[in-house]
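> Residue numbers (the numbering used here): 12 to 239. So that we are looking at the same thing, I have put the structure below in structure tokens.
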Ligand code: NI
């Protein structure tokens, strides 16, 4: 399941992000520092150093925005979110086909996080650069994703994906992983669908007793499938 989350960040936040990421003292490093063996062979981009103050500051803003967004909660059913990271592609940089590492160590604590979902948050307008599409191999074929600044895509971390070469301009993005309460993508997609239908029934004032039962079904399925 691919989910498009519109307008996670507003215009003022985006201006702040771009200004800070383009500042002369922004700590850009080779993106291969966080790639596993498979990823390192196909990865060519820049990243903000993971342990930097800038990464913590901007990542904190992203986490705050996620907490206020019902669509993210409903689609991801987050248990843990990996601290957001930031990358940049320009001058032909790209990231070849790969699957994200399944388990990552949380910086600092060393605790493990299972990557159920991958997220890419686009930080600059799509017309400001050529290329840079995120291609995701989904059950319905390959999806090409290049979103408006401030929009995010959530997709199963198990899917093969790649970033096409950026041949003009600079592509700035934020990316992170989510360990979900429900590890199976199919189960999570079904719950998301059910939740959307229940919200719609609420909004249209449908039969209350039936709504209560459906909400009960939602929670009992979530209880059955929750993995904490
Ligand atoms: Ni990836």
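Ideal Cβ placement from N, Cα and C applies to all residues, glycine included.
Per DSSP, which residues does residue 167 bridge with? Please list them.
DSSP lists 128 as partners of residue 167.
> Can you confirm whether residue 22, when its beta carbon is compared against all beta carbons of chain C, has any partner nearer than 9 Å?
The structure shown contains no chain C; it is built from a single protein chain.
> When the Cα of residue 238 is compared with those of 138, 121, 194, which residue comes out closest?
194
> Per DSSP, which one or two residues make a beta bridge with residue 281?
One cannot answer for residue 281 here, as it falls past the ends of the chain, which runs 12 to 239.
> Which runs of the beta strand (DSSP E) fall wholly inside the stretch 21 to 94 and span at least 3 residues, in chain order?
39 to 41, 57 to 59, 89 to 92
> For residue 43, which residues in the same chain have their Cβ closer than 6 Å to its Cβ, ignoring the five residues on either side in sequence?
If we look at residue 43 and ignore the five residues flanking it on each side, its Cβ neighbours are 51, 54.
> Our contact map puts residue 76 next to residue 126 with C-beta atoms below 8 Å; I'd like the distance itself, whole angstroms only.
In fact, because the Cβ distance is near 20 Å, the residues do not count as touching under 8 Å.
> Keeping to the same chain, check which residues put their C-beta closer than 7 Å to that of residue 175; ignore five residues upstream and five downstream.
105, 142, 143, 144, 146
> On a Cα-Cα basis, can you pick out the residue from 235, 213, 57 that is closest to residue 225?
213
> Roughly how many whole angstroms lie between the Cα atoms of residue 161 and residue 16?
Here the alpha carbons of residue 16 and residue 161 stand approximately 9 Å from one another.
> Please tell me whether, using a cut-off of 8 Å, the distance from the CB of residue 105 to the nearest non-hydrogen atom of ligand 1 is below it.
no
> With DSSP as the reference, label residue 155 as helix, strand or coil.
strand
> For residue 212, which of helix, strand or coil comes out of DSSP?
helix
> Quick check on residue 99: buried or exposed, where buried means 16 or more other Cβ atoms within 10 Å of its Cβ?
buried
> Out of 107, 163, 197, state which residue places its alpha-carbon closest to the alpha-carbon of residue 80.
Selected option, being the one with the closest Cα: 163.
> Answer with buried or exposed for residue 206, where buried requires no fewer than 16 other C-beta atoms within 10 angstroms of its C-beta.
buried
> Output the distance between the C-alpha atoms of residue 170 and residue 20, rounded to the nearest integer angstrom.
26 Å
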